[in-house]
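First the structure, in the form of structure tokens, and then the observations on it.
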Amino acid sequence: METIKHETFGELAYNYGWKRNNNITLFGHEKTVILNIEAEDGAEFEDAQVNAYHKFFNDKERLLNLAEDAILNYYLEVYEDYRQRLGEKFADKMAPVISTKDEIATIVEPKQLIFPMVFDEDVRQVGLLLECTWEPEHGLAVKFEDEEIVEVGFQDIVL
19 METIKHETFG ELAYNYGWKR NNNITLFGHE KTVILNIEAE DGAEFEDAQV NAYHKFFNDK
79 ERLLNLAEDA ILNYYLEVYE DYRQRLGEKF ADKMAPVIST KDEIATIVEP KQLIFPMVFD
139 EDVRQVGLLL ECTWEPEHGL AVKFEDEEIV EVGFQDIVL
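Heads up, the working numbering is the position in the sequence shown plus 18, with the first residue counted as 1.
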């Protein structure tokens with residue numbers, strides 16, 4: 019596996035994107051996620067990715083707090099539909115009735131912070147990918163643009 023040491027991103031290994039482990043705190047718990055900087059194996063990163071990385075990590079506590087709120091609000095909008103589809107047998111396990119960030123922390127697991135290649139060099143994008151109990155096939159994502167949340171939904175919004 020090819021590895022590099024980048025002045026901004028640190029030591030990265032290429033595996034369909036340049037990756038390394040990174041710790042974040044979400045819902046009061048420190049978690050190890052994969053930091054994924056999208057690029058070909060030549061490691062030519064975009065200025066927008068470097069800028070997005072700097073801006074995100076300089077303000078990561080606020081941004082992750084925004085993500086926590088957005089995840090809870092999104093879940094509160096969709097969980098009743100999932101409960102109905104899952105039926106009585108699975109509803110309480112996969113889409114439980116909850117109302118707090120502490121409770122939602124038990125049904126989501128952060129997996130990846132992705133810094134995608136972008137078409138507009140003036141836009142800084144970051145995606146937070148999570149696994150979740152109510153949508154195991156499509157997962158969950160929080161999409162940031164210019165340090166603001168623009169969308170919460172299936173992982174394909176950032177992939």
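Positions of the beta carbon are idealized from the N, C-alpha and C atoms, including for glycine.
query: Close Cβ partners of arginine 101 (< 6 Å) along its chain, the five nearest in sequence each way excluded; result: Ala109, Ala113
query: Pairwise C-alpha distance: asparagine 39 and glutamate 29; result: 10 Å
query: Asparagine 41 - DSSP class collapsed to helix/strand/coil; result: strand
query: Contacts around isoleucine 22, its chain only, beta-carbon distance under 6 Å, and the 5 residues preceding and following it disregarded; result: Leu30, Ala61
query: Contact between the region 90 to 98 and the region 48 to 61 (3+ Cβ pairs under 8 Å); result: no
query: For isoleucine 122, three-class secondary structure by DSSP; result: helix
query: Reduced DSSP secondary structure (H/G/I, E/B, other) of valine 136; result: coil
query: Per-residue DSSP class, three states only, for valine 96; result: helix
query: Where the beta strand (DSSP E) through phenylalanine 63 begins and ends; result: Taken as a continuous stretch (DSSP letters only), phenylalanine 63 belongs to no beta strand (DSSP E), as it is neither H nor E.
query: Per DSSP, the bridge partner or partners of lysine 23; result: Glu29
query: Integer-rounded CB distance, given that glutamate 86 should sit under 8 Å from phenylalanine 45; result: 6 Å
query: Beta-carbon gap between isoleucine 167 and isoleucine 122 smaller than 8 Å; result: no
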